[in-house]
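full-length UniProt numbering applies: residue 1 is where the sequence shown begins, and numbers increase by one.
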Amino acid sequence: MTSHDHNEQTHQAPASAEGHQDTEALLQAEIETLKAELEQLRASALLERADLDNQRKRVARDVENARKFANEKLLGQLLPVFDSLDAGLTAAGAEPSPLREGLELTQKQLLKVADDNGLKLLDPVGQPFNPEHHQAISQAEAEGEGVAPGSVVTVFQKGYLLNDRLLRPALVVVARQD
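This is the structure in structure tokens:
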């Protein structure tokens, strides 16, 4: 082996070690890049899963509301029928008669069907005025014992709730507060 050959071998050995270090550094950088991408993909997957879960909950809530209020239009159209029955009962007088009994029975059956479908009657005589469920059309003097100021004295038109949502407010007269 000549000295020239020996110099080449010694010269190549350090280049090979340098190349090995460069390769290790490149591989380490690539590993770090891949780890960052993996973390980003995990975060993205979690975000997508959360979005899907929120969307599922929103759809379930929408379906439940659609179910609860699907008959809102029909029940709203029946409110004048309830009003007519109330007016008929008032016109029939307080005395028992076949007409009055028939109207009461019809009203009771209709209210039962409506109640089974989530409709609740608001007939707030004697109750405190509630602006969320009542619409005051006038005030009157609080006459008689037990009539508290701010309470409902007269109901001109009954109100209705559909599954706790106001369908129509009760039109009321409220006892004047001094």
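Think of the CB as a built atom: it goes at the ideal place given N, C-alpha and C, for glycine as much as any other residue. This structure is a prediction, so every number in the text was calculated from the model and none was measured.
* Residues bridged to P96 [DSSP beta-bridge criterion] -> BP columns for P96 are empty, so no partner.
* Report the option in V59, S84, E95 and L75 whose CA atom is closest to the CA atom of K112. => L75
* Asked: Is the distance from the Cβ of L85 to the Cβ of R168 below 8 Å?
  -> no
* Burial state of A175 (16 or more Cβ within 10 Å) -> buried
* **Inter-residue Cα distance where the pair is H133 and G159** => 7 Å
* Are N65 and G118 touching if we call contact CB-CB under 8 Å? -> no
* Secondary structure of G150, DSSP reduced to three states -> coil
* With A170 as the anchor, note down where its beta strand (DSSP E) starts and where it stops. => A170 to A175
* In this structure, does DSSP put Q40 in helix, strand or coil? -> helix
* To do: Out of A148, G144, V147 and V172, state which residue places its alpha-carbon closest to the alpha-carbon of residue 185.
  => Absent from the model: residue 185. The displayed extent of the chain is 1 to 178, so no value can be given.
* Asked: Considering only C-alpha positions, which residue in the set L103, E101, Q177 and Q109 is nearest to F129?
  -> Q177
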